[in-house]
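Worksheet: one structure, shown below.
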Amino acid sequence: MPRYDFRCRSCGATFELRRAMAQANDPAVCPEGHADTVKLLSAVAVTGSGTAAPRPAGGGGGGGCCGGGCCG
């Protein structure tokens, strides 16, 4: 079940809730009982070297939508 982060506008508390994706935008009440909350955007960390591995020369096969090399 996904985790969603919220912040209370009344007291400033930050908290998380686990709920179904269908309930992602439902109102949330902070642990102190305040109803004036806002859902925070989650940051996704992507790491890497920023360089691609070299591709082999020739018709190495594979690729494309079906994996058979017919698409490019």
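Numbering (this note's numbering), first residue to last: -16 to 55. Every residue gets a Cβ at the ideal spot worked out from N, C-alpha and C, and that includes glycine.
- For E15, the closest of V29, P(-15), G(-5) by C-alpha to C-alpha distance is G(-5).
- Taking all protein chains in view, the Cβ of A11 is crowded by 16 or more other Cβ atoms within 10 Å, so the residue is classified as buried.
- Looking at the backbone, the Cα of R1 and that of D(-12) are separated by about 9 Å.
- Excluding its 5 nearest sequence neighbours in each direction, S(-7) has C-beta neighbours in its own chain below 6 Å: H17, D19, listed in chain order.
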